[in-house]
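Down below is the structure, laid out as structure tokens.
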Amino acid sequence: MRPHFGRIGITRVADITGLDRIGIPVYNAIMPRSRDVLSVYSGKGGTPEAARTSAVMEAVERYAAWLPLRPTTVASHDDLVAEGRAVIRPGELSIALRSQYRDDRPIWWVTGRDLVTGADVLVPHGAAVYGRDPGAPPCLRLTHTTGLASGNTLDEAVGHALREVIERDCMTISELVSSRLAARLPDRATQLRARNPHIDAATVPASAKTLLDRFAAAGLRVTLVYLDSDLRVPTIMASCAEDNGPSAAKAHGGFGTDPDPELALLRALTECAQGRAVDIQAMREDLALPDEDVPAHRAATRRAATIDRTGWAWRPAGRVVDFADLPRGPVTDLAGQTRFMLDRLAACGLDRAVAVDLSPPELPVHVARVIVPGLESWSVDRSKIGTRATRAWNEAAR
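Start counting the sequence shown at 1; every next residue gets the next number (full-length UniProt numbering).
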């Protein structure tokens, strides 16, 4: 990718591993003229090369999603349905609608591919791109990056994007049930927190033990939580805490989702380390101080001022599982992993997964946006709590 840095706008790739004392590789890709709110993109990995590649690909994803994308058609949802066109209704998405939007008003649409049937599906333009086109009619309140991913092939990018939308859904439902609902029902808090069990660190594979040893050598204890979900695609949270003063974040977490739970765990651990290094560097434009007033969709970037050590992320609620007991999908090939994730979505009534090809022209990389109507993303965008999260809350509250 290095010969293409000029086209993308990357001026420098920096190793920031040494800003922290853990030693897990973390890199930055710097894009001074990015159209994004960020100009510094981060990547992590088990090796310097993996972390460097991760940072560059993160920058490529944002660059590609900001490129102009001509709408396939301009029409209202109702008119498209009347014509018999396959279409995703904006109200099915996890992002709240703008007040001006109605199903009978024309908006921009782009073409995606149904990952199950292979058929073309029209999706709202704003759900595919990142950033707003000033000429587009109003539809979604937010522009976001959930389900945006890159890869060496389009299938690889789609696989990464599928993992992310599943991960955000698991994060949302786990937070709502084991944290928010548990706080409202203190007499049932232990039961609700136990829905997302801690993982016995002594049972993790050697690859993860090596990373945990790096945290331990730095004087940091990591808690591992399995985000149990009806989707049954392994999703893991890794968290560590340290008090470095009033303006620094008190805790950092990382998440990973993959049909192979070992890969999910490695991603969670390296992302946790990345969060610390990026916070110490303090170059990300969206980082906020603990007492700073920020929009709801940026709540995840506000540094935590306090930690509830009795919370579900930090203290086991009577249920600790061995790593070997986590669900496992096929780990043989990319197609099998994608099929497994699509099957798990369908088993939960989520039978539509659509990919929009955002691959930038003349670059040896592919970028995709995956949209699964019905999956949740509130944990990262604070936009809308949908049917799945509402149902999980109500069932847990009974």
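All C-beta atoms, glycine included, are put in the ideal place defined by N, C-alpha and C.
For Ala218, which residues from the same chain have a beta carbon less than 7 Å from its beta carbon, with the 5 sequence-adjacent residues on both sides left out?
Along the sequence shown, read from residue 1 onward, the residue named residue 218 stands at position 218. Counting only Cβ-Cβ distances below 7 Å, and skipping sequence neighbours, we find Arg21, Ile22.
Minimum C-alpha distance to Ala353 - residue among Gly6, Ala59, Leu122
Looking up residue 353 in the sequence shown gives position 353. Cα-wise, what sits closest to Ala353 is Leu122.
Can you have a look at Thr11 and say buried or exposed, based on whether 16 or more other CB atoms are within 10 angstroms of its CB?
Mapped onto the sequence shown, residue 11 falls at position 11. Looking at its Cβ environment, which holds fewer than 16 other Cβ atoms inside 10 Å, Thr11 is exposed.
Status (buried if at least 16 other CB within 10 Å, exposed otherwise) for Arg398:
For the purposes of this step, residue 398 is taken as residue 398 along the sequence shown, with counting starting at 1. The residue in question, Arg398, is exposed, as its Cβ has fewer than 16 Cβ neighbours within 10 Å.
If we require 4 or more residues per run, which alpha helix (DSSP H) segments fall completely within the stretch 318-348?
334-347
Close beta carbons around Ala396, own chain, < 8 Å, minus the five adjacent residues each side
In the sequence shown, the residue the question calls residue 396 occupies position 396. If we look at Ala396 and ignore the five residues flanking it on each side, its Cβ neighbours are Val177, Leu181, Leu192, Arg195.
Can you look up Asp169 in the DSSP assignment and give me helix, strand or coil?
Here residue 169 refers to the residue found at position 169 when the sequence shown is read from its first residue. In the structure shown, Asp169 sits in a helix (DSSP, three-state: H, G or I).
How is Lys209 classed by DSSP in three states: helix, strand or coil?
Here the question's residue 209 lines up with position 209 in the sequence shown. Three-state DSSP puts Lys209 in a helix.
What do you get for Leu185, buried or exposed, if any count of 16 or more other CB atoms within 10 angstroms of its CB means buried?
Translated into positions along the sequence shown, residue 185 becomes position 185. When all chains shown are included, Leu185 counts as exposed.
According to DSSP, what are the bridge partners of Ser239?
Locating residue 239 in the sequence shown gives position 239, counting from the first residue. Note: Ser239 sits in a beta bridge opposite Thr223, Gly253.
C-alpha gap between Arg89 and Ile95, whole angstroms
Translated into positions along the sequence shown, residue 89 becomes position 89. Translated into positions along the sequence shown, residue 95 becomes position 95. The straight-line gap from Cα to Cα measures roughly 12 Å.
CB Val367 to CB Glu61, shorter than 8 Å?
Locating residue 367 in the sequence shown gives position 367, where the first residue counts as 1. Locating residue 61 in the sequence shown gives position 61, where the first residue counts as 1. Yes, Cβ-Cβ distance for Val367 and Glu61 is below 8 Å.
Would you mind sorting Glu362 into buried or exposed? The rule is 16 or more other CB atoms within 10 Å of its CB.
Residue 362 sits at position 362 when you count from the first residue of the sequence shown. That one is exposed.
For Leu80, which residues of its own chain have a beta-carbon under 8 Å away from its beta-carbon, when the five flanking residues on both sides are left out?
Here residue 80 is taken as the residue at index 80 of the sequence shown, counted from 1. So the list reads Thr73, Val87, Trp109, Leu122, once near-sequence residues are dropped.
Residue closest to Val116, alpha-carbon to alpha-carbon, out of Arg315, Leu342, Pro316
Looking up residue 116 in the sequence shown gives position 116. Nearest of Arg315, Leu342, Pro316 to Val116, Cα basis: Leu342.
Counting beta carbon pairs with one atom in the stretch 267-278 and one in the stretch 196-214, are three or more of them shorter than 8 Å?
yes
Continuous beta strand (DSSP E) stretch holding Thr73: start and end:
Numbered from 1 along the sequence shown, position 73 holds the residue referred to as residue 73. 73-75 is the extent of the beta strand (DSSP E) around Thr73.
Which residue comes first and which comes last in the alpha helix (DSSP H) that contains Ile53?
Looking up residue 53 in the sequence shown gives position 53. Here residue 53 turns out to be Thr, not Ile, going by the sequence shown. First-last of the alpha helix (DSSP H) with Thr53: 48-66.
Got a sec, what are the start and stop residues for the beta strand (DSSP E) Ile30 sits in?
Position 30 of the sequence shown holds residue 30. Its beta strand (DSSP E) spans residues 26-30.
Unbroken alpha helix (DSSP H) run spanning Pro373, endpoints:
Sequence index remark: in the sequence shown, residue 373 carries index 373 (1-based). It is not in any alpha helix (DSSP H) - Pro373 carries neither H nor E in the DSSP assignment.
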